[in-house]
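A.B. asks: Residue numbers (this note's numbering): 36 to 151. Note that beta-carbon positions come from the ideal geometry of N, C-alpha and C, so glycine has one too. I have a structure I would like to understand better, so I am pasting it below and will then ask my questions one at a time.
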């Protein structure tokens, strides 16, 4: 895993930067960026590390046969869990390999995934 990189004087806010395709976070007054969500979640405040609200009981039901548009901060694992995909992220990846490509860790906001 790549080490976080320090950015000099970044004036923005923490979270996913779709233009640069990196996560920004602040630690001890300095801004850092990383392309790894796990590193971002380790250093980001808990509220920022969990940008999505927990699904309600109604929305937690499986939504097989529907499509899902990837948003900033999504991973196949979080999408599969939130959408109740049987077989988890592996099944979601297998069913969307043509859209996702060869790296299941590299999904982009705006991609449309088929759920089941």
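1. Checking 8 Å against the spacing of the C-beta atoms, do residue 139 and residue 106 come in under that value?
2. Would you report the Cα separation of residue 128 and residue 66, rounded to the nearest angstrom?
3. Do you know offhand how far residue 118's Cα is from residue 150's?
4. Using DSSP with H/G/I as helix, E/B as strand and the rest coil, what is residue 116?
5. Using the three-state DSSP reduction, which class does residue 139 fall into: helix, strand or coil?
6. Could you check the C-alpha separation between residue 121 and residue 64 for me, to the nearest Å?
7. According to DSSP, simplified to helix, strand and coil, what is residue 92?
8. Answer yes or no: do residue 146 and residue 134 have a C-beta to C-beta separation smaller than 8 Å?
9. Distance, Cα to Cα, residue 111 vs residue 142?
10. Classify residue 61 as helix, strand or coil using the three-state DSSP reduction.
11. Which residues mark the beginning and the end of the alpha helix (DSSP H) in which residue 50 is found?
12. For residue 61, which option in 49, 148, 76 and 123 has the closest C-alpha, if you only look at C-alpha atoms?
C.D. replies: Result, derived from the coordinates:
1. no
2. Each residue's alpha carbon lies about 33 Å from the other.
3. 8 Å
4. Here residue 116 sits in helix by DSSP.
5. coil
6. 42 Å
7. With a pLDDT of 40 at residue 92, under the threshold of 50, the predicted position of this residue should be treated as unreliable, and no value is reported.
8. yes
9. 8 Å
10. strand
11. Not the alpha helix (DSSP H): residue 50 falls in the beta strand (DSSP E), residues 50-52.
12. 49
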